[in-house]
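Asks: Structure below; questions to follow.
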Amino acid sequence: MSLTEIQANVVKNLKIFRAEKEFVEVRILKTKNGVVSGYYNDFTRLANDIGAYIGTYDIYFTLNPLATVVQLEEQNTLNFNVKQTTKDSGIKKFSYLLIDLDPERKAGISSTDDEKKTAYVKAKKIFRFLKSKGWFDPIVCDSGNGYHLLYPIDLANEDTNRLLLKEFLQTLNSLFPASDGAKVDTTTYNASRIVKLYGTIACKGESSEERPHRISKVIHQPKVIQTIPIEKIKEITKLSEKGINDSHKSCDYRNTGNPTMRRIDVEDLIKRHNLGVYEKKAWEGNSTLYKFKYCPFNPEHDDWSFCIIQFPDGAIAVKCHHDSCSSNDWKALKKHLGIAFKNRGRSQIRPTSDQFNQLLDNLTVLGPHLQDSYVQIPLAVFIQISNQLIKNSLFN
Ligand SMILES: [Zn+2]
449 MSLTEIQANV VKNLKIFRAE KEFVEVRILK TKNGVVSGYY NDFTRLANDI
499 GAYIGTYDIY FTLNPLATVV QLEEQNTLNF NVKQTTKDSG IKKFSYLLID
549 LDPERKAGIS STDDEKKTAY VKAKKIFRFL KSKGWFDPIV CDSGNGYHLL
599 YPIDLANEDT NRLLLKEFLQ TLNSLFPASD GAKVDTTTYN ASRIVKLYGT
649 IACKGESSEE RPHRISKVIH QPKVIQTIPI EKIKEITKLS EKGINDSHKS
699 CDYRNTGNPT MRRIDVEDLI KRHNLGVYEK KAWEGNSTLY KFKYCPFNPE
749 HDDWSFCIIQ FPDGAIAVKC HHDSCSSNDW KALKKHLGIA FKNRGRSQIR
799 PTSDQFNQLL DNLTVLGPHL QDSYVQIPLA VFIQISNQLI KNSLFN
């Protein structure tokens, strides 16, 4: 493809993402002139100005619309050794939810065809999954080394929305883990996110037959652009909390009908072990969800990814959304915090022989009226009594 053709494609692609006369920042990193950046609403001029960099450097653009007014002298020109580029505060709103799928490989090199294929397979899976949840079609792009799904959204540039997008990507990453070779980038939620300028050449590392530089492309564009409502995004983030229901099955603390077992006071536990900032809320009816800013297993998980749930029967489940924490359950948390709970497990409840004999006497007395009586006793005692009763052939 000739440079002129590449430049024509860049113009065409930018028009998909920008309204007529709307500005975009184009940015090129680590050039011999430092960061090269410019604000353009004349896309033909933009394509001409970046011509010298195409094929040598990765070229990016700001995905979301700019809030700042571009001064006349700053318009449609490239600047060199730029220190100030667009910040999150310089973005008007979130217009796209970017799901970036990249094959896992060493940093700074282009992907092989096989590696790139893993990203394609995963992009397809996620595309289908979201479609099954009633999502409209995204714009699909080939980033050169992987694939992008770009879902149109319309959310104010506010912290709550940024955190929602972050949570969404993390949920998606936990639903579609990187074990198949491609990873959902969980960092593409920031308002001032820059992405590959579609149509330009991805230039990671040396270009070789095995790891070639490839032209990025827009490969699918829905006929009508339809915005994904915020509720749809929230619906997906809730799926990771649902995963906790599965871990409920493996909870090792239940005190149903056993008054001798102590119900764990989660708030007391939080205080005693300094688990830090948390939010408490009702969850799925009668359960209680505690969400934590910091994950106790890894303080780098500082994005409210860790939670404890207490079910109505006292059982506790623990979950962190990060892949590296996926095996950490309640048992792991207890071990991690050095918590040893007494009264756990039935074998620890043993009556003295006097108590046992007294119970046995009472039951024998109750004999014929047993069907109307209700006695609450620990399971271990019940087994002991049953054995004794059978031995005494009381029921024969
Ligand atoms: Zn964690």
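Our numbering puts the first residue of the sequence shown at 449, with every later residue one more than the last. Glycine is no exception: its CB is placed at the ideal position from the N, C-alpha and C atoms. None of the values given here were measured: they were computed from a predicted structure.
Along the chain, where does the beta strand (DSSP E) that runs through TRP417 open and close?
Replies: Here the chain comprises residues numbered 449 to 844, so residue 417 is not present and cannot be evaluated.
Asks: Are the CB atoms of LYS631 and TYR646 within a distance shorter than 8 Å?
Replies: On the sequence shown, residue 646 is found 198 positions in, with the first residue counted as 1. On the sequence shown, residue 631 is found 183 positions in, with the first residue counted as 1. Cβ atoms of TYR646 and LYS631: not closer than 8 Å.
Asks: Using only alpha-carbon positions, find the residue among LYS565, ALA604, GLY594 and THR479 that is nearest to LYS540.
Replies: Here residue 540 refers to the residue found at position 92 of the sequence shown. Checked all of LYS565, ALA604, GLY594 and THR479; the closest Cα to LYS540 is ALA604.
Asks: Taking all protein chains shown into account, do 16 or more other C-beta atoms lie within 10 angstroms of the C-beta of LEU549, making it buried, or fewer, making it exposed?
Replies: Stepping through the sequence shown from its first residue, residue 549 is reached at position 101. Label assigned to LEU549: buried.
Asks: Can you name, in chain order, every residue of its own chain whose Cβ lies under 7 Å from the Cβ of ILE507, other than the five neighbours on each side?
Replies: Numbered from 1 along the sequence shown, position 59 holds the residue referred to as residue 507. Same-chain partners within the cutoff: VAL474, ILE476, ILE498, TYR501, LEU645 and THR648.
Asks: If LEU514 sits next to PHE542, beta carbons under 8 Å apart, how far is it from one beta carbon to the other, in whole angstroms?
Replies: Indexing the sequence shown from 1 puts residue 514 at position 66. Indexing the sequence shown from 1 puts residue 542 at position 94. About 13 Å separates the two Cβ atoms, so there is no contact after all.
Asks: Between which residues of its own chain and GLU522 is the CB-CB distance below 7 Å, once the five residues before and five after are set aside?
Replies: To locate residue 522, count along the sequence shown from 1; it is residue 74. The answer, listed in chain order, is TYR487.
Asks: For ASN706, which of helix, strand or coil comes out of DSSP?
Replies: Your numbering for residue 706 matches position 258 in the sequence shown. Annotation note: pLDDT 47 at ASN706 (below 50); position unreliable, no value reported.
Asks: Between GLY793 and the rest of its own chain, which residues show a CB-CB distance below 8 Å, the 5 nearest in sequence each way excluded?
Replies: One-based indexing of the sequence shown puts residue 793 at position 345. Any reading at GLY793 needs caution, since the residue's pLDDT is 45, under 50, leaving its predicted position unreliable; the model's value is listed next. Closer than 8 Å at the Cβ level, and outside the excluded window around GLY793, lies no residue.
Asks: Can you name the residues that DSSP bridges to VAL518?
Replies: The residue you call residue 518 lines up with position 70 of the sequence shown. Its beta-bridge partners do not exist; DSSP assigns none.
Asks: Would you tell me roughly how many angstroms separate the C-alpha atoms of LYS767 and LEU623, rounded to the nearest one?
Replies: Position 319 of the sequence shown, counted from the start, is the residue given in the question as residue 767. Position 175 of the sequence shown, counted from the start, is the residue given in the question as residue 623. Spanning the two alpha carbons is a distance of roughly 14 Å.
Asks: Shortest alpha-carbon distance to LYS783 belongs to which of HIS721, PRO747 and LEU737?
Replies: In the sequence shown, the residue the question calls residue 783 occupies position 335. Nearest option by C-alpha distance: HIS721.
Asks: Taking one C-beta from the stretch 606–623 and one from the stretch 563–571 each time, how about it: are there three or more such pairs within less than 8 Å?
Replies: No contact exists between the stretch 606–623 and the stretch 563–571.
Asks: With contact counted as at least three CB pairs below 8 Å, one residue from each stretch, are the stretch 576–587 and the stretch 649–661 in contact?
Replies: No contact exists between the stretch 576–587 and the stretch 649–661.
Asks: Rounded to a whole number of angstroms, what is the C-alpha to C-alpha distance between ILE454 and ASN481?
Replies: Against the sequence shown, residue 454 aligns to sequence position 6. Against the sequence shown, residue 481 aligns to sequence position 33. If you take the alpha carbons of ILE454 and ASN481, they lie about 23 Å apart.
Asks: Can you check DSSP and say which residues form a bridge with HIS668?
Replies: The residue you call residue 668 lines up with position 220 of the sequence shown. In DSSP, HIS668 forms a bridge with VAL588.
Asks: In angstroms, rounded to a whole number, what distance separates the CA positions of VAL725 and SER591?
Replies: Here residue 725 refers to the residue found at position 277 of the sequence shown. Here residue 591 refers to the residue found at position 143 of the sequence shown. About 39 Å.
Asks: Work out the CA separation of LEU781 and PHE754 for me, nearest whole Å.
Replies: Within the sequence shown, residue 754 is the residue found at index 306, counting from 1. Within the sequence shown, residue 781 is the residue found at index 333, counting from 1. Distance between the alpha carbons of PHE754 and LEU781 is about 11 Å.
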